[in-house]
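Reviewing the structure listed below.
Protein chains in written order, with the UniProt record's numbering: chain A, 1 to 327; chain B, 1 to 327.
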């Protein structure tokens, strides 16, 4: 089997995905005039096979996840995507079919999220497949959200549902976990999909920009990310009901000890936002208009302890650690 | 030995390197107002241990090379650095000492080239150390150089000397190559250094912007990169004398067959530029003022064949392939 060289890889698989700023990817660098009156937002996530995804995941899904986790960062900043750069370190055993499927998935999402490929680098990896995506976005000047401006009494919201992805990851275990065997086939598919393909909440950006004091995307588990956000503002919170999907609730009925994993597992890519009380109603209206479900989970209070979560019976949940640690 | 977690790594090693746009790296994304009247230039290079550098190279040098190869891309575009993002996939056996030395080297170059760290991602690599740097720069609006606008009769220039890095890499071979044993100790040190630490030609940017039709940095070997640049404009060239360092000339005296490696080996990170004849004198003056040696190597001519190189006796050199292929 003949495999194309680097220039052919770029020309055949990636140039069709490129936007005007990428100059057909015939150059080493992308260039563009930033939109007038806008600030730039730049984010970068790195993903390794065996750590952030499985090497045998569908190649299109690997590509889409890599792009989406970056888009999720842009969403949390209230930013509109401008384009992305792809760093791709391919292991020795890559095939043209694999790469074609990878590029097809990437192109689908680049089009769907209006975020064209504008540059990057393709190299040989001595080990596992490694991806690095840098996404650029823009926000009206001065309006970028940060994590660090939560105020006392702000209402804490999360989008979507929490903990699905860590359950989807759990279902990949061999042998499958006992609780997994009790789930309906439909719930299993739903949870696996939530691990495989996060949904960046880009449509929430207008609501966030208009109403939120602070926001971040939840990538390392709700408990840890919430603690991190509140700590930056010297705050804590009592957390009430966290939104769980029907599938996650099914899993919790099978094994109630899973609650800690749901709260601390990673890969949710939902939005956590702090909204002042007088903006709460308009935030909820704007989120509904954007068709993104959001749920109040608590209120920011003065304090330096990590936020406390409660089970449905109102008892505080003991968490051994707040989030998944990579190191 | 206790190793810090991801948040501590960022706080301890990388936050001190961050510029204002990086917000102390406490957030997921960098934000900044692009300089008014400037276009943005964005470039990304990925480097893997065992492919682009040796895992046991000094950690500070690994960091500096990763940044410099990106700065070299900015230099070729005539761009001024604004900042960079670092993607770092650390293998299992990393140590705090290694990371401290890595960050120190990175910080030294970030300061020297006025290119602060503004964001990134640190993850666990299941295999080799992998780095991905995205560098952002700016050029006055509309003035960005590309590779693709070479005109017939343009004079082709290269900066510095060609082929040193591939010789420096050769000297790392075990056993050392025969020609290596004939080199002076001084030449060996020089060539190894040229492989380890490229010199991004950022000071050439004013000269390039004022006078050049097209430019690129030479990363995959002069022969291949020149062919690539000329092909984009439907041109070719007869190439005369290529500048070689005293050390490279010493190696050529020991083994004249090395000439092909010098012309096709990678990692030069010198600038290749096409300058119209009526701008040649001012280009040379501006380069001299910037203290960057530049040499005319030929003239662009109509044609579709790859450019032909000649040895000192004026004979055409047969090259088996034009550049180092990663795939």
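For each residue, glycine too, the CB sits at the ideal point set by N, CA and C.
Rounded to whole angstroms, what is the Cα-Cα separation between residue 289(A) and residue 282(A)? 10 Å
Look up residue 1(B) in the DSSP assignment and say whether it is helix, strand or coil.
Only weak support exists for where residue 1(B) lies, its pLDDT of 47 falling under 50; the value from the coordinates is given anyway. The answer is coil: DSSP assigns residue 1(B) none of H, G, I, E or B.
- Query: Are the C-beta of residue 73(B) and some C-beta of chain A separated by less than 8 Å?
  - Reply: yes
Q) Are the Cβ atoms of residue 292(B) and residue 204(B) separated by less than 8 Å? A) yes
Between the segment 142-163 of chain A and chain B, which residues of the former have CB atoms less than 7 Å from a CB of the latter, in chain order?
144, 146, 147 and 148
Original post:
Does the distance from the CB of residue 87(B) to the CB of residue 120(B) come in under 8 Å?
Top reply: yes
Cβ of residue 51(A) within 8 Å of any chain B Cβ
yes
Who are the Cβ neighbours of residue 12(A) in its own chain at under 8 Å, not counting the five residues just before and after it? 4
Checklist entry - Taking Cβ positions only, does residue 132(B) come closer than 8 Å to chain A? => result yes
is_contact[residue 18(A), chain B] using C-beta, thresh 8 Å:
no
Inter-residue spacing [alpha-carbon to alpha-carbon] between residue 305(A) and residue 268(B):
54 Å
| field | Any chain B beta carbon closer than 8 Å to residue 118(A) | value | yes
Suppose the cutoff is 8 Å on Cβ atoms and the five residues either side in sequence are ignored; what does the same chain contact list for residue 1(B) look like? In this prediction, residue 1(B) has a pLDDT of 47, which is less than 50 and means its spatial position is unreliable; nothing more can be read from the coordinates.
task: On a CA-only basis, which of 127(A), 275(A), 84(A) and 130(A) is nearest residue 118(A)? Give me that one, please.
output: 84(A)
Checklist entry - Does the beta-carbon distance from residue 82(B) to residue 136(B) come in below 8 Å? => result yes
Exercise for the section: Give the C-beta separation of residue 215(B) and residue 273(B) to the nearest angstrom, bearing in mind that I take them to be a contact with Cβ-Cβ under 8 Å. Expected result: 4 Å
Could you check how far apart the C-beta atoms of residue 89(B) and residue 123(B) are, in whole angstroms? I think they sit under 8 Å. 5 Å
| said: Suppose the cutoff is 6 Å on Cβ atoms and the five residues either side in sequence are ignored; what does the same chain contact list for residue 151(B) look like? | reply: 213
Over what stretch of residues does the beta strand (DSSP E) that includes residue 271(A) continue unbroken? 270-275
- Task: Check the Cβ-Cβ distances between residue 32(B) and every residue of chain A, and say whether any is below 8 Å.
- Result: yes
- Task: Give a yes or no on whether 8 Å exceeds the smallest Cβ distance from residue 166(A) to chain B.
- Result: no
Worksheet item: With distances taken from CA atoms, which of 134(A), 127(A) and 202(A) is nearest residue 75(A)?
Response: 202(A)
Query raised in the report: At what residue ranges does the UniProt domain "PurM-like C-terminal" (153-301) of chain A contain a whole run of the beta strand (DSSP E), taking only runs of 3 or more?
Result: 155-159, 214-218, 235-239 and 270-275
DSSP-derived helix/strand/coil call for residue 51(B)
coil
Is any beta-carbon of chain A found at less than 8 Å from that of residue 317(B)? no
Quiz prompt | Through-space distance from residue 73(A) to residue 328(B), alpha-carbon basis | solution = Because chain B in this structure spans residues 1 to 327, residue 328(B) falls outside the shown range and cannot be described.
For residue 125(A), return the contacting residues in chain B, with the cut-off set at a CB-CB distance below 8 Å. 48, 51, 127, 128 and 130
### Query
Are the C-beta of residue 256(A) and some C-beta of chain B separated by less than 8 Å?
no
| message | For the segment 85-96 of chain A, list every residue whose C-beta sits within 7 Å of some C-beta in chain B, in sequence order. | response | 85, 87 and 89
message = Closest to residue 115(A) by C-alpha separation, out of 211(A), 68(A) and 154(A), would be which residue?
response = 68(A)
Check this for me: beta carbons of residue 322(A) and residue 224(A), under 8 Å apart or not? yes
To the nearest angstrom, how far is it from the Cα of residue 60(B) to the Cα of residue 100(B)?
9 Å
(Q) Does any residue of chain A have a CB that is nearer than 8 Å to the CB of residue 57(B)? (A) no
Using a Cβ-Cβ cutoff of 9 Å, what residues of the UniProt domain "PurM-like C-terminal" (153-301) of chain A are near chain B? List them in chain order. 216, 217, 219, 220, 228 and 232
As assigned by DSSP and simplified to three states, the class of residue 137(B): strand
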